[in-house]
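One structure is given below, encoded as structure tokens.
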Amino acid sequence: MTEYCGNSSPATVNYSFNGIAQTKFITQQTPITVETSEVEELDNNPASICWRFTGIGVANNDNYQLFAYGVNPSFHDSGTGMQPYMDGERLQYEGYFYRKGSESVAPTGNASYITGWDNKGDCNPRMIKKCKLTIKSNGATIFEKTGKCPLEYQVTCGDECPEGSHKCTHKAYPGYCCVPCKEVAQRINNIANKVR
739 MTEYCGNSSP
749 ATVNYSFNGI
759 AQTKFITQQT
769 PITVETSEVE
779 ELDNNPASIC
789 WRFTGIGVAN
799 NDNYQLFAYG
809 VNPSFHDSGT
819 GMQPYMDGER
829 LQYEGYFYRK
839 GSESVAPTGN
849 ASYITGWDNK
859 GDCNPRMIKK
869 CKLTIKSNGA
879 TIFEKTGKCP
889 LEYQVTCGDE
899 CPEGSHKCTH
909 KAYPGYCCVP
919 CKEVAQRINN
929 IANKVR
């Protein structure tokens, strides 16, 4: 937990979840502290349902089944066998792989915001890991936001630019702009590589 903007306001926190466009939170209440944490939330996506994955183990001829809750079930070839995935994340299940060609997946149940979980398979609603941003001033929480990880943020105080950027004068309000040094350097290097 780091304290920012002890001697200047406003405090501006630019943050983004999962690399999606940055959002700003601006406050006159300074100093601020910024905390980040991982939290688990119940998957309340109304499109999520229970799926049954079935297949024959690579190491033996046993039939296996696995139940998982989500939207997009799939299998990925690991080279050793087929691994079950739900919504892009590998399902951990006893360290075996399905034999290629033996895998299948079928829906078995669904969920509802109104009635809660409707269990038609062996699923429980899943917990999803998310990142949480908490901004406090004088110990009191003034802003909280949760989103898909990873979480990135930068804090600026008053009319300063974020760390890693350069302040330039500009005709438009507020009279200056902040140029991100690393991004500009990458663009220059890309242009230089194309010219060579």
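Heads up, the sequence shown is in this note's numbering, so the first residue is 739 and it goes up one at a time.
Note that the Cβ used here is the ideal one computed from N, Cα and C, for glycine as well.
Every value quoted in this text rests on a predicted model; they were computed, and no experiment measured them.
(1) Grab me the residues of GLN892's own chain with a C-beta within less than 7 Å of its C-beta, minus the 5 sequence neighbours each way, in chain order.
(2) Ends of the alpha helix (DSSP H) at ASN745?
(3) Bridge partners of MET820, per DSSP?
(4) Compute the Euclidean distance between the alpha carbons of GLY885 and MET820, then round it to the nearest angstrom.
(5) Enumerate in chain order the residues of its own chain whose CB-to-CB distance from THR740 is below 7 Å, with the five nearest sequence positions on each side excluded.
(6) Taking its Cβ as the centre, do 16 or more other Cβ atoms sit within 10 Å of THR853, making it buried, or is it exposed?
(7) Please determine if the stretch 915-927 and the stretch 794-806 are in contact, where contact requires at least 3 C-beta pairs separated by less than 8 Å.
So, to answer that:
(1) ASN752, PRO900, GLU901
(2) Segment: none, ASN745 is in no alpha helix (DSSP H) and carries neither H nor E.
(3) ASP815, TYR836
(4) 30 Å
(5) THR771, VAL772
(6) Unreliable placement is indicated for THR853, whose pLDDT of 40 sits below 50; no coordinate value is reported for it.
(7) no
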